[in-house]
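K.L.:
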Amino acid sequence: MDKMCNRVCEIIAGYETKGTLQSELWKKLKLSSRDGSRLALKLERMGMITREKILEKERWTYKLIIKKIPISTKSIEGAPCLTCPVQSKCSIDGEISPRTCQWIEDWVMIELKNK
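Heads up: take any position in the sequence shown, counting from 1, add 3, and you land on the working numbering.
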């Protein structure tokens, strides 16, 4: 999926189940109505959003509602497990475990301080 599709899905996902008006989204992204409609149709065909036809201020428009929230890797970026030298020996009940891992604890504490 291209960058614009990802951006649109992220914005729509921010509205959760309420959705957002197609016309408002295109204004926010500085897209023409034509380009915006094509993009919405593409996302609908891909199964990412639903388009619900509604009457808003005496004009027909669509409410765009996210169906599939895009997966974000931000929550695990920088996690020590991704480069851990003993990762292959790590298990929940093992001697090396995420429950007792000092690297995970340090990473979590740093993440909390950064928020």
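In this text, a Cβ means the ideal position worked out from N, Cα and C, and glycines have one as well.
Since the model is a prediction, treat every value here as computed from it, not as a measurement.
Does the distance from the CB of residue 67 to the CB of residue 22 come in under 9 angstroms?
P.N.:
Yes, the pair counts as a contact, with Cβ atoms nearer than the cut-off.
K.L.:
Could you name each continuous beta strand (DSSP E) segment of 3 residues or more that falls completely within the region 39–81, going from the start of the chain to the end?
P.N.:
Listed in chain order, they are 52–59 and 62–69.
K.L.:
Can residue 8 and residue 46 be called in contact, C-beta distance under 9 angstroms?
P.N.:
For residue 8 and residue 46, yes; Cβs fall inside 9 angstroms.
K.L.:
With the cut-off set at 9 angstroms, would you say residue 52 and residue 70 are in Cβ contact?
P.N.:
The answer is yes: Cβ separation under 9 angstroms.
K.L.:
Alpha carbon to alpha carbon, how far is residue 86 from residue 107?
P.N.:
When rounded, the distance between both Cα atoms is 12 angstroms.
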